[in-house]
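Enquirer: For the sequence shown, counting from 1, position 577 maps to 585 in the numbering used here; every step adds exactly one.
Yeah, the Cβ is synthetic: ideal placement off N, Cα and C, and Gly gets one too.
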Amino acid sequence: MPPGIPYIIGNEAAERFSFYGMRAILVVFMTKYLWLMDRQVGTPMSNAEATGIYHWFVAVVYFTPFFGALLSDILWGKYRTIMILSVVYCLGHATLAFMGFQGKSEYWLYAGLLLICIGSGGIKPCVSAHVGDQFGPRNQHLLSKIYNWFYFSINFGSFFSTLLTPWLLEWYGPHWAFGIPGGLMAIATFMFWLGRKTFIHIPAGGNAFFQELTSRTGLIALGKLIPLFLFVAIFWSLYDQTGSSWVLQAEHMNLHFMNIDWLPSQIQAFNPILILLYIPLFTLFIYPFVHRLFPLTPLRKMGIGFFLTAAAFAISILIQQWIDAGDKPSIAWQLLAFLVITAAEIMVSIVGLEFAYTQAPQKMKSMVMALYLFAVFIGNMLTAGINDLIQIPSAAVLQLEKHIDEQPSSFSQEKSQLRLPGLDLTPNTDDDLIADLQKETIHSVALTPAAAAPFENAAQLVIAAAQSAQDTFSKKNPLPPLGNDIWGNPILFTIIGQNSCRLISAGPDRIPHTAWDVGLTIEISKPPAAASPSWSDHLHPPTRWLDRRSAELGTTRETSTSISYDKTWFSGGQTKLEGAAYYRFFTWLMLGCAIVFVPFALNYRYQSYINEQPSESWSTIPFPPHEKPPAPSPALSKASPSPCFSAMPMSAPPPATGKLSAAMPPSVCPFPRRKMCAPFANSPSKPIHLSTANTAIS
Numbered sequence: 009m010p011p012g013i014p015y016i017i018g019n020e021a022a023e024r025f026s027f028y029g030m031r032a033i034l035v036v037f038m039t040k041y042l043w044l045m046d047r048q049v050g051t052p053m054s055n056a057e058a059t060g061i062y063h064w065f066v067a068v069v070y071f072t073p074f075f076g077a078l079l080s081d082i083l084w085g086k087y088r089t090i091m092i093l094s095v096v097y098c099l100g101h102a103t104l105a106f107m108g109f110q111g112k113s114e115y116w117l118y119a120g121l122l123l124i125c126i127g128s129g130g131i132k133p134c135v136s137a138h139v140g141d142q143f144g145p146r147n148q149h150l151l152s153k154i155y156n157w158f159y160f161s162i163n164f165g166s167f168f169s170t171l172l173t174p175w176l177l178e179w180y181g182p183h184w185a186f187g188i189p190g191g192l193m194a195i196a197t198f199m200f201w202l203g204r205k206t207f208i209h210i211p212a213g214g215n216a217f218f219q220e221l222t223s224r225t226g227l228i229a230l231g232k233l234i235p236l237f238l239f240v241a242i243f244w245s246l247y248d249q250t251g252s253s254w255v256l257q258a259e260h261m262n263l264h265f266m267n268i269d270w271l272p273s274q275i276q277a278f279n280p281i282l283i284l285l286y287i288p289l290f291t292l293f294i295y296p297f298v299h300r301l302f303p304l305t306p307l308r309k310m311g312i313g314f315f316l317t318a319a320a321f322a323i324s325i326l327i328q329q330w331i332d333a334g335d336k337p338s339i340a341w342q343l344l345a346f347l348v349i350t351a352a353e354i355m356v357s358i359v360g361l362e363f364a365y366t367q368a369p370q371k372m373k374s375m376v377m378a379l380y381l382f383a384v385f386i387g388n389m390l391t392a393g394i395n396d397l398i399q400i401p402s403a404a405v406l407q408l409e410k411h412i413d414e415q416p417s418s419f420s421q422e423k424s425q426l427r428l429p430g431l432d433l434t435p436n437t438d439d440d441l442i443a444d445l446q447k448e449t450i451h452s453v454a455l456t457p458a459a460a461a462p463f464e465n466a467a468q469l470v471i472a473a474a475q476s477a478q479d480t481f482s483k484k485n486p487l488p489p490l491g492n493d494i495w496g497n498p499i500l501f502t503i504i505g506q507n508s509c510r511l512i513s514a515g516p517d518r519i520p521h522t523a524w525d526v527g528l529t530i531e532i533s534k535p536p537a538a539a540s541p542s543w544s545d546h547l548h549p550p551t552r553w554l555d556r557r558s559a560e561l562g563t564t565r566e567t568s569t570s571i572s573y574d575k576t577w578f579s580g581g582q583t584k585l586e587g588a589a590y591y592r593f594f595t596w597l598m599l600g601c602a603i604v605f606v607p608f609a610l611n612y613r614y615q616s617y618i619n620e621q622p623s624e625s626w627s628t629i630p631f632p633p634h635e636k637p638p639a640p641s642p643a644l645s646k647a648s649p650s651p652c653f654s655a656m657p658m659s660a661p662p663p664a665t666g667k668l669s670a671a672m673p674p675s676v677c678p679f680p681r682r683k684m685c686a687p688f689a690n691s692p693s694k695p696i697h698l699s700t701a702n703t704a705i706s
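#1: By how many angstroms is the C-alpha of Arg204 removed from the C-alpha of Ile16?
#2: Here's the rule I'm using: 16 or more other beta-carbon atoms within 10 Å means buried, otherwise exposed. How should Asp335 be labelled?
#3: Taking the Cβ atom as the reference point for each residue, do Gly120 and Gly140 lie within a distance shorter than 7 Å?
#4: Whole angstroms is fine: what's the gap from Leu361's alpha carbon to Leu379's?
#5: Consult DSSP for Thr449 and reduce its assignment to one of helix, strand or coil.
#6: DSSP three-state call for Asp444: helix, strand or coil?
#7: I think Leu263 touches Ile339, with their Cβ atoms under 8 Å apart; what is that distance to the nearest whole Å?
#8: So what does DSSP say about Trp201, is it helix, strand or coil?
#9: Which same chain residues, not among the five before or five after Asn485, have their C-beta less than 7 Å away from its C-beta?
#10: Does the region 101-120 come within contact of the region 32-45, defined as at least 3 CB pairs closer than 8 Å?
#11: Using the Cβ count rule (16 or more neighbours within 10 Å means buried), how would you classify Met261?
#12: Label Met266 either buried or exposed according to how many other C-beta atoms from any shown protein chain fall within 10 Å of its C-beta, with 16 as the threshold for buried.
#13: Confirm, please, whether the CB-CB distance from Pro296 to Asn163 is below 7 Å.
#14: Starting from the Cα of Glu531, find the closest Cα among Leu511, Pro550, His546, Asp545 and give me that residue.
#15: So what does DSSP say about Lys423, is it helix, strand or coil?
#16: Could you check where the alpha helix (DSSP H) with Trp577 kicks off and where it finishes?
#17: By a C-beta neighbour count over all protein chains shown, 10 Å radius and 16 as the cutoff for buried, is Asn611 buried or exposed?
#18: On a Cα-Cα basis, can you pick out the residue from Ile210, Trp175, Phe363 that is closest to Ser273?
#19: Alpha carbon to alpha carbon, how far is Thr59 from Ala392? Give it in angstroms, no decimals.
#20: When the Cα atoms are used, what is the spatial distance from Thr206 to Ser80?
#21: Less than 8 Å between the CB atoms is what I'm expecting for Tyr70 and Gly165, so what's the real figure, rounded?
#22: Identify the continuous beta strand (DSSP E) that holds Thr529 and give its terminal residues.
#23: So for His634, helix, strand or coil by DSSP?
#24: Using a Cβ-Cβ cut-off of 7 Å (strictly less than) and excluding sequence neighbours within five positions of Asp269, which residues of its own chain qualify?
#25: Please name the residue in Thr170, Met199, His299 whose C-alpha comes closest to that of Tyr87.
#26: Count the other C-beta atoms from every protein chain shown that fall within 10 angstroms of the C-beta of Leu285, then say buried if there are 16 or more, exposed otherwise.
#27: Between Thr291 and Ala194, what straight-line distance do the alpha-carbon atoms span, to the nearest angstrom?
#28: Please identify the residue among Gln446, Arg146, Trp157, Leu390 whose C-alpha is closest to the C-alpha of Arg721.
#29: Where do the ends of the alpha helix (DSSP H) carrying Ile339 lie?
#30: Quick one: Cα of Ala67 to Cα of Phe168, how far?
#31: Thinking Ile327 and Pro337 are a contact (beta carbons under 8 Å), I'd like their distance in whole angstroms, please.
#32: At 4 residues or longer, and completely inside the region 33-103: list those alpha helix (DSSP H) runs for me, N to C.
#33: Out of Phe186, Leu172, Leu93, Val348, which has the shortest C-alpha to C-alpha gap to Leu271?
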């Protein structure tokens with residue numbers, strides 16, 4: 009085992025703790041905490057807007073690897089690039105931790121996320137390639153095992169951070185919740201520095217990088233990998249929604265599970281713990297078992313993973329259908345979806361990571377790893393773009409932008425109420441909008457009395473039905489006709505969750521899904537249930553951070569001892585694709601991608617590139633320095649195949665070399681026999697199953 013591997017794996021565990029801890033709370037922070045961070049109360053961010061920003065952030069994190077790869081392969085080398093950008097990474101966490109102390113918190117948020125994008129994204133291709141650089145011809149058979157341990161360390165750090173940071177946010181607030189992951193990133197940087205004298209340092213290639221990039225070998229490698237990465241991009245488009253749309257879905261589910269009251273963002277912790285369980289399960293049992301039925305090549309693993317991803321989102325459709333009907337399904341159903349999508353992650357992400365490294369020419373390792381990560385960028389850009397497209401603007405916001413210049417200079421310094429002309433642009437008509445403002449920002453909006461009257465009548469019918477159903481909204485209880493608005497549009501009833509619903513009409517333009525849709529949401533507020541005593545009570549303050557902060561800013565609602573129905577008016581601001589339809593769209597997208605991938609995988613041929621020439625630093629590998637690796641044996645007859653490849657279908661034998669290739673015959677074992685073949689000399693029927701470097705693609 010290369011001596012630098014423990015430092016890399018320890019660094020990765022701490023770095024992933026910092027990244028996934030910050031990412032786990034990002035959507036919840038933007039929707040529930042950001043608007044209370046400054047001295048002046050702001051406006052809560054919508055779910056669709058927060059989801060879009062989340063996926064923009066993740067997308068940029070996986071775009072910046074290009075710059076890190078260029079710095080590494082051309083100028084600085086991997087080690088130096090990782091160290092410099094890790095400092096930038098730490099500054100990003102510090103920016104988030106100090107958000108709210110000075111200036112506008114929204115600007116601090118974007119600045120911190122940008123620094124994290126540069127730091128985290130810049131080191132990603134370098135760290136992954138740095139792992140592979142520690143291996144040469146003598147120990148390349150350990151590469152699959154080490155990439156599994158590498159992925160194990162990622163999820164080891166992710167598991168603990170996903171449990172801890174939502175708890176910190178809930179009780180101690182954003183400063184601690186963002187600050188502790190920043191401290192772990194500082195530890196990760198220090199741990200990597202400690203291993204500087206044990207690493208195998210591959211120098212930057214300089215101009216040689218461009219020569220290999222534009223060579224026939226480089227162009228062929230990229231030409232085969234880029235289509236593969238496009239399929240992987242669709243996978244990441246769905247998978248990364250476990251941190252956005254799945255968290256928002258969990259808010260409407262029964263979070264009491266295994267005698268624990270979970271926070272919506274904590275459910276993501278199931279993913280890393282499943283990874284820790286799945287890696288040995290798949291490696292030792294599932295892969296060998298399936299391989300006995302048919303050759304389980306890397307691309308076949310990835311294809312199965314694509315179908316499993318579609319199945320996981322099909323489960324989310326079922327969950328959302330129950331929520332849309334007014335039910336409150338157990339969070340155990342989302343755990344089932346995590347069981348399936350984590351299996352897909354094992355078969356797509358881990359296999360794809362190693363596969364990308366083995367397919368990269370020597371001087372393009374970091375660049376190809378950046379291209380692999382670029383697939384994550386494309387996937388999240390797709391999700392962010394879709395969430396941008398489905399958002400409906402607010403007519404009140406659009407009207408305010410048009411008329412803000414007409415207000416007196418003192419207008420922006422005080423709370424005020426402004427009557428905005430409606431669709432007809434004529435003041436004092438029934439389609440006007442009444443906006444309550446705070447410093448030129450709309451705090452709430454209302455309709456004119458004439459326009460509001462039909463909705464008030466419909467709300468009374470809906471509330472009466474909810475009261476008869478034990479104060480819950482449900483489609484099981486039939487509603488009488490809700491009538492029409494003053495423009496002749498029917499008033500529609502939509503369930504958001506068991507305790508919230510929406511009454512909406514097409515508004516004055518009579519066109520649904522536009523900025524002029526109007527209506528109100530109804531929230532059922534119930535007295536908080538008495539919390540059961542817990543062993544963790546002494547670990548946190550008596551009240552949650554949000555309650556303490558709301559009291560400081562004077563926005564705390566009086567705690568009611570009875571059930572109340574709260575109404576909030578709106579004008580636009582909804583989404584065109586919501587509820588089960590949202591998850592159904594992505595399920596069909598992934599299923600179509602998986603079907604198209606099948607012929608692609610069947611026709612793919614590959615060439616593997618592993619470090620071939622030992623350098624002075626190879627002396628760190630446990631081989632006597634004076635001993636040269638044995639030359640590969642000439643091609644043997646089919647009557648006496650090497651046990652290393654006895655069960656792997658190959659094509660006609662090429663000239664014997666030490667480099668693996670798709671055309672290698674079953675009789676050739678490129679590894680030193682004492683290292684690989686000797687342990688299995690007495691059991692030739694038991695083949696060695698390596699994950700990518702030694703299997704043919706068919």
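Expert: Reading it off the structure:
#1: 10 Å
#2: buried
#3: no
#4: 11 Å
#5: strand
#6: strand
#7: 5 Å
#8: helix
#9: Ala473, Ser476, Ala477
#10: yes
#11: buried
#12: exposed
#13: no
#14: Leu511
#15: strand
#16: Run containing Trp577: none in the alpha helix (DSSP H); it sits in the beta strand (DSSP E), 572-579.
#17: exposed
#18: Trp175
#19: 7 Å
#20: 19 Å
#21: Rounded, the Cβ-Cβ distance is 18 Å, inconsistent with contact.
#22: 526-533
#23: With a pLDDT of 36 at His634, under the threshold of 50, the modelled position of this residue cannot be trusted; read the value that follows with caution. Three-state DSSP puts His634 in coil, outside helix and strand.
#24: Leu263
#25: Met199
#26: exposed
#27: 33 Å
#28: Nothing can be reported for residue 721: it is not among the residues displayed for the chain, which extend from 9 to 706.
#29: Per DSSP, Ile339 belongs to no alpha helix (DSSP H) and is neither H nor E.
#30: 24 Å
#31: 6 Å
#32: 55-69, 73-78
#33: Leu172
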